[in-house]
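In this text, residue positions in the sequence shown follow my numbering: the first is 55, and each later residue adds one. What follows is a set of notes on a single structure, which appears directly below.
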Amino acid sequence: MKRRQTIAAIDLGSTKVAVIVGDIDEQGDTRILGVGVAPASGLTRGVIDNIQSARDSVATAVEKAEQSCGMRILSAMVGISGGHLHSQNNRGIIAIPDRTRPISEDDRARVLESAGQISIPTNRQILHVIPRGYWVEGTEPVSDPVGMYGGRLDAETHIVTGAVSAVQNLTKCIEGAGVQVDEIVAEPIGAAECVLTEQERQQGVAVVDIGGSTTSMAVYDEGSIAHTACLPIAGSHMTHDLARVLRCPWESAETLKCQHGRAFSTSEIEHETVEVDAFGTQQRKSVKLGYVSEILQARVEEILEMIALELKRVGYADRIAAGLVLTGGASQITGLAEVAESRLGMPVRQARPASHSGMSDLIGSPSYATSIGLVSHGLNDRTPAPEANGMHFDVPASGLFKRLASIGRSLMPQ
Ligand SMILES: Nc1ncnc2c1ncn2[C@@H]1O[C@H](COP(=O)(O)OP(=O)(O)OP(=O)(O)O)[C@@H](O)[C@H]1O
Ligand SMILES: [Mg+2]
Numbered sequence: 055m056k057r058r059q060t061i062a063a064i065d066l067g068s069t070k071v072a073v074i075v076g077d078i079d080e081q082g083d084t085r086i087l088g089v090g091v092a093p094a095s096g097l098t099r100g101v102i103d104n105i106q107s108a109r110d111s112v113a114t115a116v117e118k119a120e121q122s123c124g125m126r127i128l129s130a131m132v133g134i135s136g137g138h139l140h141s142q143n144n145r146g147i148i149a150i151p152d153r154t155r156p157i158s159e160d161d162r163a164r165v166l167e168s169a170g171q172i173s174i175p176t177n178r179q180i181l182h183v184i185p186r187g188y189w190v191e192g193t194e195p196v197s198d199p200v201g202m203y204g205g206r207l208d209a210e211t212h213i214v215t216g217a218v219s220a221v222q223n224l225t226k227c228i229e230g231a232g233v234q235v236d237e238i239v240a241e242p243i244g245a246a247e248c249v250l251t252e253q254e255r256q257q258g259v260a261v262v263d264i265g266g267s268t269t270s271m272a273v274y275d276e277g278s279i280a281h282t283a284c285l286p287i288a289g290s291h292m293t294h295d296l297a298r299v300l301r302c303p304w305e306s307a308e309t310l311k312c313q314h315g316r317a318f319s320t321s322e323i324e325h326e327t328v329e330v331d332a333f334g335t336q337q338r339k340s341v342k343l344g345y346v347s348e349i350l351q352a353r354v355e356e357i358l359e360m361i362a363l364e365l366k367r368v369g370y371a372d373r374i375a376a377g378l379v380l381t382g383g384a385s386q387i388t389g390l391a392e393v394a395e396s397r398l399g400m401p402v403r404q405a406r407p408a409s410h411s412g413m414s415d416l417i418g419s420p421s422y423a424t425s426i427g428l429v430s431h432g433l434n435d436r437t438p439a440p441e442a443n444g445m446h447f448d449v450p451a452s453g454l455f456k457r458l459a460s461i462g463r464s465l466m467p468q
């Protein structure tokens, strides 16, 4: 097994496309080498509905990332989200015919294969089969069965599936932008990789990425992933509510939300007013911040309610001692963690990506947790990397890329 040296990740979000290039430095830490961001188009609720527009957004972000790192991106890890993502946990059991020999790596592979088999409709495909735990002779769980003795080996896996058409459209769109898809990764797995601590994963936690039009979540328990889901509601619904109730243009509602939005009102700001652009003869009007908070609070509570229902439905509401870790652009709304703690009755913290060398302020924002997590996921991937590891990137010797290569040489370690 070898670790990949340099990874590019593409997060095709509903508001922005982020392309991040990273590697592992001599100390074994993730280092960010380049970033490209472009406004997203052609997506509805996290799913591509116009391949041409989405492809153009991806191509723009890829080009910016290439210029920023001085390498050509040939292939990338690609995040996927949307309500079509489903997950389930599945058990597999195998017999070990010769009890006198220790359980081998082949046995482990066999039991994982068995635990990865589920029947799904032809319009769905498996995206991830992640080992959750092993049991030898069906008794106490063991972290690794290889080398132990027993006549029976059980394994449980977490399986994430997605709609074939959504995966195909995403793949076509990325390939159309000139990049091969290394692996498609459910976005909440990327977010978890970026913001969760090992202790939170052990004691039970849900990472919740509240983005532009989707809220994706992954639940971890006893160190392994237990549930993945994607809810079709997020930050743009808050903006929509403000624009509709205040009868103002979308852009001014968006600015109002980001600059003054709160998940609940307080007596200090209740009567404070701000000016916003408006439709009609007035062009500008003043609105009370207390009223703005009231509008936002209704939507925030709806999102929290949906998260709570999802946790309850899968039986984790009372099992996640570390509660919720919120990230994603819309998690930045002031006071969200406080409202979430009081409504859900569990600990809640807001998280931004951990700092890595080479990181700019831009990607330190919670909006980039998933894309940075996709890079970490790729870098930490224990599966064998393709032989030509360096072929994820190409540094052609002529034209634009000759220039980029020379930039690259000054950025890359010799
Ligand atoms: N300071 C802020 N306060 C409140 N909301 C904010 C703030 N900054 C950004 N947002 C909101 O965050 C959302 C975008 O978040 P993010 O970049 O994580 O989404 P995305 O990845 O493009 O979308 P998705 O994950 O749904 O596909 C937008 O709705 C934006 O209005
Ligand atoms: Mg996102």
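Ideal placement from N, C-alpha and C gives every residue a C-beta, glycine not left out. These figures come from a predicted structure and were not determined experimentally.
Count the other CB atoms, across all protein chains shown, that sit within 10 Å of the CB of residue i; report buried if there are 16 or more and exposed otherwise.
i	result
residue 147	exposed
residue 200	exposed
residue 253	exposed
residue 203	exposed
residue 301	exposed
residue 334	exposed
residue 59	exposed
residue 92	buried
residue 215	buried
residue 64	buried
residue 407	buried
residue 70	buried
residue 198	exposed
residue 432	buried
residue 173	exposed
residue 316	buried
residue 255	buried
Which two residues bound the contiguous beta strand (DSSP E) that contains residue i?
i	result
residue 427	Here residue 427 belongs to no beta strand (DSSP E); instead the alpha helix (DSSP H) covers 423-434.
residue 271	269-275
residue 85	84-93
residue 66	60-66
residue 192	Here residue 192 belongs to no beta strand (DSSP E), and DSSP marks it neither H nor E.
Can you tell me whether residue i is helix, strand or coil according to DSSP?
i	result
residue 99	coil
residue 248	helix
residue 177	coil
residue 284	strand
residue 216	strand
residue 231	coil
residue 379	strand
residue 345	helix
residue 410	coil
residue 307	helix
residue 211	strand
residue 109	helix
Report all residues from its chain with a CB closer than 6 Å to the CB of residue i; omit the five preceding and five following residues, and keep chain order.
i	result
residue 104	96
residue 400	377
residue 15	Coverage of the chain is limited to positions 55 through 468, which leaves residue 15 absent and any answer about it impossible.
residue 382	263, 264, 265, 420
residue 404	380, 385, 391
residue 246	261, 272
residue 374	258, 259, 260
residue 241	133, 135, 270, 424
residue 417	89
residue 291	353
residue 368	281
residue 427	244, 245, 247, 248
Residues in its own chain within less than 7 Å of residue i by CB, not counting five upstream and five downstream?
i	result
residue 386	420
residue 304	293, 297
residue 445	Confidence at residue 445 is low in this model, with a pLDDT of 34, below 50, so the placement of that residue is unreliable and no value is reported for it.
residue 307	293, 296, 297, 300
residue 122	88, 89, 90
residue 371	362, 365
residue 109	227, 230, 231
residue 234	128, 129
Can you name, in chain order, every residue of its own chain whose Cβ lies under 8 Å from the Cβ of residue i, other than the five neighbours on each side?
i	result
residue 166	146, 183, 185, 209, 211
residue 85	76, 77, 78, 79, 410, 411, 412
residue 168	146, 147, 148, 209
residue 327	340, 341, 342, 343
residue 118	73, 89, 90, 91, 92
Could you tell me the boundaries of the alpha helix (DSSP H) in which residue i lies?
i	result
residue 104	Unbroken run through residue 104: none, as it is neither H nor E.
residue 128	No alpha helix (DSSP H) contains residue 128, which DSSP labels as neither H nor E.
residue 395	390-398
residue 293	289-300
residue 165	159-169
>> Within 8 Å, do at least three Cβ pairs link the segment 282-290 to the segment 259-274?
In response: yes
> Three or more C-beta pairs closer than 8 Å, one from the segment 340-352 and one from the segment 310-330: is that the case here?
Replying inline: yes
>> I want to know whether the segment 77-87 touches the segment 98-114 - three or more CB-CB distances under 8 Å.
In response: no
>> Closer than 8 Å is the cut-off here; do at least three beta carbon pairs connect the segment 272-284 with the segment 391-399?
In response: no
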